[in-house]
Every structure is written in C-alpha cells, then in structure tokens.
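Chemist: Okay, handing you the structure first.
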Amino acid sequence: MEILSELVKRFRTGIDYNTREKYSYDWGALSPQILKHRKLPDAVVWLDNKEEVKEFIELQSDYHFRIVERGRGTNTLGGAMPVKDESIVVLPTMSDFKIEGGVLSASPGTEFSQLDLSLIPVYPTSYATATIGGYVGGGSLGIGSLKYGAMWDNITKVEVITPKGDFLLEGEDVKKVAQSAGTVGIITRIWMKLVKKEEVKIKEFKVSTLKEAIDVALNNVDEAEMITIRNNKMASEISSLKGEDTNWGKWNVFIGSRDEGKEISSKDIVTTFAGSYFTLVNREKTSYMSIDLDVYSLESLEGSDYMVECDFARSSGRLFSHTYILGYTEEPKIDGKTFNLHSFRINDRVEEDRLKKIVEFKRTVDPEDYMNPGKLVF
1 MEILSELVKR FRTGIDYNTR EKYSYDWGAL SPQILKHRKL PDAVVWLDNK EEVKEFIELQ
61 SDYHFRIVER GRGTNTLGGA MPVKDESIVV LPTMSDFKIE GGVLSASPGT EFSQLDLSLI
121 PVYPTSYATA TIGGYVGGGS LGIGSLKYGA MWDNITKVEV ITPKGDFLLE GEDVKKVAQS
181 AGTVGIITRI WMKLVKKEEV KIKEFKVSTL KEAIDVALNN VDEAEMITIR NNKMASEISS
241 LKGEDTNWGK WNVFIGSRDE GKEISSKDIV TTFAGSYFTL VNREKTSYMS IDLDVYSLES
301 LEGSDYMVEC DFARSSGRLF SHTYILGYTE EPKIDGKTFN LHSFRINDRV EEDRLKKIVE
361 FKRTVDPEDY MNPGKLVF
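Structure, rendered in structure tokens:
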C-alpha cells in the first residue's frame, strides 16, 4: 500500500505482524463481546510532537485512512481497539508537563506516574500506567470523583487536532472531547485544575440493611474522599482474594477520608476499592455489568443474590452511585442509566447531554468517520 511507505518514510512506524498484533488490544479484551470485534491494524505510528500530529492528519486528508488513537491501552471498553479494517493505530508520545498558577498543563503522553497525585483531583484506577491523554479521551470517573467530580469537571482546556483543523476548547466545550474515545481528533494538550489532598484513611461500618448503609454513607458524604457500599458476597470475595477471612456484615460501608481510620496503600485502593470489579473479573472471569443509580434508589438492590458494589461519585455536581453487579447467571433488570461495560460504542455509556456535544462536534470535524470509526453512532 502506498500509504504504508509514506508512513514509514515520515514517522516512526511499525508494520510487522507482532507490532500490529500487540497494539490491536486494550484492556477491553476483558469482555468477550468487545474482543470479538477486534481488527488488526495496517500499521502502528508513534508521533513525537505536535508538528508530527499535524503532518499525520494532513496525510490522512490525502489518503483517507482510518485512525485509532491510543495511550497506554488501559481502557477497559475497547476505546483503543480497532474495530474496522484498514486502520492505523497512532500513539502521541509527547510527555512534557508544567504547573503554573494551580493548573497542570500536560501533553497527552504524560503518565500519571510522572505526576504528584496528591495534587490531581481525580485520576483513573489504572494510574500506574495510564496517560492523561488516554484518560481524557476514554475515562470518566476515578479516584477522587466523589469529592471533586468527574474528569470533565476538572479539565479546563483541551487542544485537539481534527481532520477539519485545530481547536482549543475551554469550559463546557471540553465535553466535546472528554470521553469521546478519539472519535473527533488527536488531543495534543490538556489543562487540569489542581488541588492539595492528604492521605486517605478507611473507616468500615457493618450494618444489617442497605437502608442503614445508605444512611451511613450520606452522613459522611460531605467530608469523604471516597465511599463504597458492598454486600456480604462482594466484601467476602474481595477479602478472599487478599487471603483474608473477615466476618462481614450483610451490608458494609467503606468511608475514605482524612480523619481517623485504617491506613491503606495506593495499591489496595485500586485493587480492593476503586478497581475491585476489574480485579475480580480479571481473576475469576465472572459475569459483570455496571449501572448508574440515584443514591436513594439503591434500596431496590436489597435481597439480591449477586455481588453488589456501589461507588459514590459526582458528575457536574450530581451525586449518584456508579454500581457494579457481578456473579449473576441472568443479567438483572435494574431501572437506571446503564454504563455498558460490554460495548465499545460510547453512545452506550455517555449521558445524553454530553453525548449531544460529542455528536455535534463529530459531525463538524469528522463527518466521514475516519477518527476511531465505528465507536460513535452519530
């Protein structure tokens, strides 16, 4: 193909089978329903600066190839996985950052491991390897989202290069790119407001009913950094994975705050709290789903015979429970906003008001669907 020779000539490019195979996966491979759509890209391209990103997009306008943007591949929803033939996987590698006036300015390849996380209001559970560009493109909630809101509540500006030109998006316009999975363009710079956080300690409460658990959570919600409610099955399963034998209550509340409590490592926060569903599914290959519920409607889960985890979060000021259901034989019918963990389409998880912004921007800058094709119905 002529385009492959052009890519090899101009950029760092991998066209051998092993490279293309390696970069055809992300953590979305956890779901068989997502994995079955995986396609092998024609090439993998590393872009080392903004000028190369611009040149790459200009080349695309001549050859009309499909682009799948990728960070470190830690997206669990297939965001960095090609689902169309004749795609080019692209990795923007720029990783410079600076802090001025309480704001972080970072290029997309900056990894969270390079940053002082005590200053970052919200970051993904995959922070040990994830990039900030990948998080803005494919993430949503994370560690800190109860107190500080979702990722898009903390991003002040995004610079993105699209097939129709360069854009600097600010304020509410950031939502045109946030969680868009690279379907509108390639992010080249991100600005995030910073905070100063202290070490979180965990308090545990064992109660008999879900209503009691909700009351405990709401009594602590204003000061808490994180709140998780688990039924006995979920709490026991997590303890078992850690080699512990704890006598859990019927319902259990975990409050993460700066007050008194049990000290917990960053690793344990990820594997046994914020990322517990991924830990369980990855190790036990159990069934799983997620749904966003109003906190007061959680009582409908009382008496359930599957594992339940309710992670409290905020988005645009609204308090809700990002709820995981695991270990069921038949998918339960629950009245709420499904966050589909088995679909690569962002329409199946982004709420309507933000989805509308993404769709409108997509129609403006990429009506032919060259950017991460198939991931957005528009």
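For the sequence shown, position 281 (counting from the first letter as 1) is numbered 281 according to full-length UniProt numbering, and the numbering increases by one without interruption. Glycine included, C-beta positions come from ideal geometry on N, C-alpha and C. All of these numbers come straight from a predicted model, not from anything done at the bench.
(1) In or out: Ser300 buried (at least 16 other Cβ within 10 Å) or exposed?
(2) On the criterion of 16 or more Cβ atoms from any shown chain inside 10 Å, does Gln114 qualify as buried, or is it exposed?
(3) Per DSSP, what kind of secondary structure is Asp311 in: helix, strand or coil?
(4) Can you tell me where the alpha helix (DSSP H) with Pro32 in it begins and where it stops?
(5) Am I right that Phe97 and Leu104 are in contact with their C-beta atoms under 8 Å? What's the rounded C-beta distance?
(6) Compare the Cα-Cα distances from Thr209 to each of Ile229, Ala224, Lys197, Thr19 and report the closest residue.
(7) Just to confirm, is the Cβ distance from Gly249 to Val207 under 8 Å?
(8) Just checking my contact of Leu280 with Glu237 at CB under 8 Å: how many whole Å lie between their CB atoms?
(9) Expressed to the nearest angstrom, what Euclidean distance is found between the alpha-carbon atoms of Phe278 and Ser31?
(10) Just tell me which of Glu360, Leu91, Val295 has its CA closest to the CA of Phe378.
(11) Restricting to runs no shorter than 3 residues, where is the beta strand (DSSP E) found entirely within the segment 43-96?
(12) Which residue marks the beginning of the beta strand (DSSP E) containing Phe278, and which one marks its end?
(13) Suppose the cutoff is 7 Å on Cβ atoms and the five residues either side in sequence are ignored; what does the same chain contact list for Lys54 look like?
(14) When you compare the segment 282-298 with the segment 117-124, are there three or more beta-carbon pairs, one atom per stretch, that lie closer than 8 Å?
(15) Under the assumption that Glu225 contacts Ser276 (Cβ atoms under 8 Å), give the Cβ distance between them as a whole number of angstroms.
(16) For Pro367, count the other beta carbons within 10 Å of its own beta carbon; 16 or more makes it buried, fewer makes it exposed. Which is it?
(17) Would you say the segment 143-161 touches the segment 179-194, given that touching needs at least three Cβ pairs under 8 Å?
(18) Pick helix, strand or coil for Ser343, following the three-state DSSP scheme.
(19) Note down, in chain order, each residue of its chain lying with its Cβ closer than 8 Å to the Cβ of Ile34, except the 5 sequence neighbours on either side.
(20) Can you name the residues that DSSP bridges to Tyr288?
(21) In the DSSP assignment, find the unbroken beta strand (DSSP E) run with Lys193 in it and report its ends.
(22) For Asn231, count neighbouring C-beta atoms within 10 Å of its own C-beta (all shown protein chains included) and say buried if the count is 16 or more, exposed if not.
(23) Just how far apart, CA to CA, sit Gly134 and Gln179?
(24) For Ser297 and Lys356, I'd like the C-alpha separation in whole angstroms.
(25) Which residues in the same chain as Thr364 place their Cβ atom closer than 7 Å to its Cβ, once the five residues preceding and following it in sequence are excluded?
Modeler: On the basis of the coordinates in this document:
(1) Counting from one through the sequence shown, the residue named residue 300 turns up at place 300. A residue is called buried when at least 16 other Cβ atoms come within 10 angstroms of its Cβ; Ser300 does not meet this threshold and is exposed.
(2) Translated into the one-based positions of the sequence shown, residue 114 becomes position 114. Result: exposed.
(3) On the sequence shown, position 311 is the one that residue 311 refers to. In this structure, Asp311 counts as strand in the three-state DSSP scheme.
(4) As a position in the sequence shown, residue 32 is number 32, starting the count at 1. Element bounds for Pro32: 32-35.
(5) Counting from one through the sequence shown, the residue named residue 97 turns up at place 97. Counting from one through the sequence shown, the residue named residue 104 turns up at place 104. Right, their Cβ atoms sit about 6 Å apart.
(6) Taking the sequence shown and counting its residues from 1, one reaches residue 209 at position 209. Nearest option by C-alpha distance: Ile229.
(7) For the purposes of this step, residue 249 is taken as residue 249 along the sequence shown, with counting starting at 1. For the purposes of this step, residue 207 is taken as residue 207 along the sequence shown, with counting starting at 1. Contact annotation: Gly249 and Val207 have beta-carbon atoms nearer than 8 Å.
(8) Translated into positions along the sequence shown, residue 280 becomes position 280. Translated into positions along the sequence shown, residue 237 becomes position 237. Indeed they touch by this definition, with Cβ atoms about 6 Å apart.
(9) Counting from 1 along the sequence shown, the entry for residue 278 is found at position 278. Counting from 1 along the sequence shown, the entry for residue 31 is found at position 31. Take the alpha-carbon of Phe278 and the one of Ser31: they are about 11 Å apart.
(10) Against the sequence shown, residue 378 aligns to sequence position 378. When each option's Cα is compared against that of Phe378, the closest is Glu360.
(11) 43-47, 66-69, 87-92
(12) In the sequence shown, the residue the question calls residue 278 occupies position 278. Segment 276-284 is the alpha helix (DSSP H) holding Phe278; no beta strand (DSSP E) there.
(13) As a position in the sequence shown, residue 54 is number 54, starting the count at 1. So the qualifying residues of the chain are Ile161.
(14) no
(15) The residue you call residue 225 lines up with position 225 of the sequence shown. The residue you call residue 276 lines up with position 276 of the sequence shown. No, Glu225 and Ser276 are not in contact; Cβ-Cβ is about 16 Å, not under 8 Å.
(16) Reading the sequence shown from its first residue, position 367 is the one you call residue 367. Exposed is the call here.
(17) Judged by Cβ distances under 8 Å, the segment 143-161 makes contact with the segment 179-194, as three or more pairs qualify.
(18) Numbered from 1 along the sequence shown, position 343 holds the residue referred to as residue 343. In the structure shown, Ser343 sits in coil (DSSP, three-state: anything other than H, G, I, E or B).
(19) The count along the sequence shown starts at 1 and reaches residue 34 at position 34. These residues qualify, in order along the chain: Gly28, Leu77, Gly78, Met81, His342, Ser343, Phe344.
(20) Against the sequence shown, residue 288 aligns to sequence position 288. Paired residue(s): Leu326.
(21) In the sequence shown, the residue the question calls residue 193 occupies position 193. That run of the beta strand (DSSP E) goes 186-193.
(22) The sequence position of residue 231 within the sequence shown is 231, counting from 1. Counting other Cβ atoms within 10 Å of its Cβ, Asn231 reaches 16 or more and is therefore classed as buried.
(23) Sequence index remark: in the sequence shown, residue 134 carries index 134 (1-based). Sequence index remark: in the sequence shown, residue 179 carries index 179 (1-based). So the two alpha carbons sit approximately 9 Å from each other.
(24) Start at 1 with the first residue of the sequence shown, and residue 297 comes out as number 297. Start at 1 with the first residue of the sequence shown, and residue 356 comes out as number 356. So the alpha carbons of these two residues sit roughly 26 Å apart.
(25) Taking the first residue of the sequence shown as 1, we reach residue 364 at position 364. Cβ within range, chain order: Lys164.
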